[in-house]
Amino acid sequence: MSLPTRLVFLLAGLLLAACTQEGGEPDAIVPSPADPSTRSTAQPEWGPCPDDYFVKHSVRSFDSDEPDCSTLTVPAVYGSDSDLPDFAIAMMRLPATGKRESKGTLFINPGGPGGSGIEEVQQQHFPTRVSNVYDIVGFDPRGVMHSQPVSGDPIRCSDQLDFGSYWKLEGTPANQEEAQEIEEYFRDFHQDCAAQSPAWWTLGTSNVVRDLEKMRRAVTGRADLNFLGSSYGTTIAAEYLRTYPDHIGHLVLDSPTGDAMESDAQQLVQARATEEQLLRLVDGYAEAKGLTPAEVKTKMLQVRQWGDDDQLAGFVGLDPSVEAPGARLSSEYAFVHGLIALTYYDTAQVQKTFNQGLDALIEQRWNGVFEYLAFDLDGYDVDEMYRNLKNGEPYDPNAIVRDNSYEIMDMVNGLDVDERVLASHAKIDAFDRRYQRAAPFLWSLSHGEPEFRYYSEFPGNDWSWDAFDSPQIPDPPPHRPAWENESGTSVMIIGSKDESTTPYRIAVTSAEQLNSPLITWMGNEHAPLAGFRHECLNDLFVEYLLLDTLPAEPVTCQDNR
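Numbering-wise (numbering that gives the first Met the number 0), the sequence shown opens with residue 0 and increments by one.
Next comes the structure, spelled out in C-alpha cells:
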C-alpha cells in the first residue's frame, strides 16, 4: 500500500485522537577479480513463502498462495577467505500470469538503501501486460529484512537504543554539557550496533551487485538481466551496468541517484529542491486557509519551537505527555522529519494530509500525523504503535516493531563512499552559511535558533570512521564510481521535473552519462514509475519490456488532469 493510501486509511483515527486529547525526523569493498559469474551457481528451490514474508495491512494484487519464495547463499566477502558466515539472500517471485510465451524474469529493488524488494513486490500493481509475461522477483539485499547471515545473527541495531535516540536528547544542544551527552549516547549506540553486527562492513553496493549477478545466473541461467530500480535501486542498476555490461537486458532507472550524491554542490541542489517542495505545501495550506505563505511559515516555526519546548503531544513517544493526559510527548524532530517524508510524494497527493496535520498542531498541538510520517519513513510499525495508544496499552520499549532499514542506509552509505567530514571548523561554518542561503526555511525548521555552536569530534558517517580505523576493513573510496554505459544499448531513465529527493538535474546528467534518452515526468513525485499510477509512464515501460523500444529522443509525460 502506498504511503498516501495508508495515510487516508489512518488519518481519520489520528485526527480523532487529536480531538480527544486535552490541551492543546571506487566501492566500499575492493573489487575482486573473483567474478561470481565465473563459478557455477545451483538453481534455487522455489516453494511456499514463510508467513513473516507477507506485509501486514497491505492491499495486495494477488492471493498469498500465488507467489513462491527461495533463498540463495552468497559469500560475505567475494574473492578472499573470511570467517564471516555466508548470507542467505531472500527472494519472492510472482510467476507470470498469462498463457503467452514468457519474456523471462524482472528483478526489482525499491531503494533505500534498506528497502525490501520482498515487500515491494507485494505492494506494486504492475501493468497486466508486464505481469502476464514476466516472472517478477523482489529480493532483499544482503543485511536487509529477510536476507541475513546464515548464522542467524541479523544485521541490526538495538531497538531500544534506536527508539530512545529520538526522544531522550535534544536535536540542537543548548550547551557543551548537553552536546557531550548527545555524543556519548550516540557513540555507545553505534558501538553496540557494530558489536551486534560484525558483518556490517560487507553490505556495500559492490557486493550487492555481485549478489545480483549470482541471482541472475541462478534464476534465469543465460538470460540477460532485466531490472527495475527506484531511487537507491538505480545505484544498484548503474553499478551492475558498469560491472557487467555484457549481461544487460532491460534496465530501468526510476529517479536516478547519480554518482555525486556526497558533493557539497549536490547537497545544496537537494536542499533547494526540498525547500521548493515544502513551499508548495505551504502555498497550498495558505490558499486553503486564506493566509499568506509568510504567516503559514511563522506558524510552522512556532510548532517547531513547541516541540523543542516539550509542548507537543502524539502517540509514538517514549514519555507520557503532561499537558495531554493519555497521549505521549512528541518532539520537533518528529514534526520536521514528517515534513521531509511528505516531500517524497506529489504535492497534490499529500496536500490534504499536510493541511489536516498542520491544523491539528496549530489548534491542539497534536503531532500524530507527522509522527506517523516520520517513523514510517524510518522503518517503524506505526500502525501498531497507534493501536497501542488507542487501546490504552502501557508503553513497552521491548514491544517496538521496526525493520532494520535505517541502520542499513547508514552502513551502506558509509561504505560506498567516505562520508567523514574532514573540513576545518571554518569550512564547515562556510558550508552551513551556503546551505542557509540556499534553503532558509528548511534551515530554520531543522536548526531553530541555536545559541550554541557545537562541533562533533568525529563528524559525518560513523561507519566511514570505523572502516578507516580498522585494518581489516577496506577504506571507503573518496568518490563514487563514475556512471558509464559500455553495454552498447540504451537503458530507460525517468526523472521527475520538480522532485526533491533525487533532483531532476541528476536525471539529466545520468541520461547523458549512460547514453540514453531521458523520460521527464512533469511533477514532483519521487520515483514516479513505482506504483504504476501514470498511464504515460506505464505505456513507455510496457513498450520497453515487451517490444524492446525506447524513445529516440527525450520525452515528456504528465497526468491529464
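We treat Cβ as the ideally placed atom computed from N, Cα and C, and that holds for glycine. Because the structure is a prediction, the values reported are computed rather than measured.
Between the CA atoms of residue j and residue i - distance to the nearest angstrom
i      : j      : result
PRO319 : SER329 : 9 angstroms
ASN484 : ASN514 : 7 angstroms
LEU414 : GLY137 : 24 angstroms
THR555 : TRP520 : 6 angstroms
PRO126 : ASP377 : 29 angstroms
LEU372 : ARG221 : 43 angstroms
GLU24  : GLN304 : Confidence at GLU24 is low in this model, with a pLDDT of 31, below 50, so the placement of that residue is unreliable and no value is reported for it.
ARG452 : VAL218 : 54 angstroms
TYR184 : PHE531 : 42 angstroms
LEU267 : SER443 : 15 angstroms
ALA17  : GLY313 : Because ALA17 sits at a pLDDT of 43, beneath the cut-off of 50, its placement in the model cannot be relied upon, and the following sentence gives the value as read from the coordinates. Taking the straight line joining both Cα atoms gives about 8 angstroms.
GLN195 : PRO475 : 21 angstroms
PRO553 : ILE493 : 10 angstroms
THR488 : ILE247 : 8 angstroms
PHE567 : SER423 : Absent from the model: residue 567. The displayed extent of the chain is 0 to 560, so no value can be given.
GLU322 : ASP309 : 9 angstroms
THR242 : ASP223 : 13 angstroms
ASP465 : TRP200 : 9 angstroms
LEU277 : ARG436 : 16 angstroms
GLY257 : GLU392 : 45 angstroms
ALA11  : VAL149 : The pLDDT assigned to ALA11 is 39, lower than 50, so where the model puts this residue is not dependable; a value taken from the coordinates is nonetheless given after this. C-alpha separation (whole angstroms): 43 angstroms.
GLY289 : VAL281 : 12 angstroms
THR204 : GLU238 : 8 angstroms
SER115 : LEU421 : 33 angstroms
ASN240 : PHE374 : Per the sequence shown, the amino acid found at residue 240 is Leu instead of Asn. Distance between the alpha carbons of LEU240 and PHE374: 34 angstroms.
PHE226 : ARG186 : 38 angstroms
GLY110 : ASP139 : 10 angstroms
VAL349 : SER79  : 49 angstroms
ASP245 : ASN131 : 27 angstroms
ASN108 : SER101 : 21 angstroms
ALA293 : MET299 : 10 angstroms
LEU93  : GLU182 : 46 angstroms
THR171 : HIS446 : 7 angstroms
ILE427 : GLU261 : 15 angstroms
Residue i classed as buried or exposed, judged by whether at least 16 other C-beta atoms fall within 10 angstroms
i      : result
GLN546 : One point to set straight first is that residue 546 is Leu, not Gln, in the sequence displayed. LEU546 comes out exposed.
TYR77  : buried
LYS296 : buried
HIS478 : exposed
ASP82  : exposed
LEU338 : buried
PHE467 : exposed
SER469 : exposed
ALA648 : This structure gives no information on residue 648, because the portion of the chain shown stretches from 0 to 560.
LEU341 : buried
GLU119 : buried
Best match in the options for proximity to residue i [C-alpha to C-alpha]
i      : options                        : result
TYR379 : GLY391, PHE531, GLY522, ILE399 : ILE399
CYS535 : VAL416, VAL381, GLN557, GLY316 : GLN557
ASP497 : TYR344, LEU267, HIS336, GLY289 : TYR344
ALA570 : TYR133, LEU71, SER423          : In the structure displayed, the chain extends from 0 to 560; residue 570 sits before or after that span and is not available.
CYS156 : GLY530, GLU418, VAL507, ARG401 : ARG401
THR500 : SER486, GLU370, PRO255         : PRO255
VAL302 : PRO473, GLY116, ARG364, SER423 : ARG364
LYS351 : GLU286, SER164, ASP50, ASN108  : GLU286
GLN355 : ASN390, GLY283, THR291, GLY316 : GLY283
ALA75  : GLY163, GLU275, GLN147, PHE106 : GLN147
ASP307 : ALA89, ALA506, ALA173, VAL416  : ALA173
ASP461 : HIS189, ASN108, VAL315         : HIS189
ALA438 : VAL149, GLN269, TYR52, PRO292  : GLN269
ASN206 : ARG216, ALA178, GLY367, ILE235 : ILE235
GLU433 : LEU202, ASP152, ALA87, GLN265  : A quick correction: the sequence has Arg, not Glu, at residue 433. Ranking the options by Cα distance to ARG433, first place goes to GLN265.
VAL275 : PRO502, GLU383, PRO550         : Here residue 275 is Glu; the residue named in the question, Val, does not match the sequence. Ranking PRO502, GLU383, PRO550 by Cα distance to GLU275 puts PRO502 first.
MET408 : TYR231, GLY46, PRO43           : TYR231
GLU180 : GLU418, SER455, CYS192         : SER455
VAL143 : GLN122, LEU160, MET90          : MET90
N-terminal and C-terminal residue of the beta strand (DSSP E) that residue i is part of
i      : result
VAL149 : Note, VAL149: premise wrong, no beta strand (DSSP E); not H, not E.
LEU93  : 86 to 93
PHE226 : 224 to 229
GLY103 : 103 to 108
PHE138 : 133 to 138
Continuous alpha helix (DSSP H) stretch holding residue i: start and end
i      : result
VAL295 : 292 to 307
GLY356 : 346 to 363
THR584 : Given a span of 0 to 560 for the chain in the structure shown, any question on residue 584 remains unanswerable.
VAL335 : 331 to 341
HIS189 : 175 to 195
ARG128 : 127 to 130
Closer than 9 angstroms to chain B by CB, residue i
i      : result
LEU300 : In the displayed structure, chain B is absent; only one protein chain is listed.
> Which runs of the alpha helix (DSSP H), 4 residues or longer, sit entirely within the region 368 to 449?
Replying inline: Counting whole runs of 4 or more residues, the region 368 to 449 contains the alpha helix (DSSP H) stretches 381 to 389, 404 to 415, 424 to 437, 439 to 446.
>> List, from N- to C-terminal side, the beta strand (DSSP E) runs of 3 residues or more that fit wholly inside the region 493 to 556.
In response: If only complete runs of 3 or more residues are kept, the region 493 to 556 shows the beta strand (DSSP E) at 517 to 520, 554 to 556, in order along the chain.
> Residue ranges of each alpha helix (DSSP H) run of no fewer than 4 residues wholly in the region 220 to 277, ordered along the chain?
Replying inline: 231 to 242
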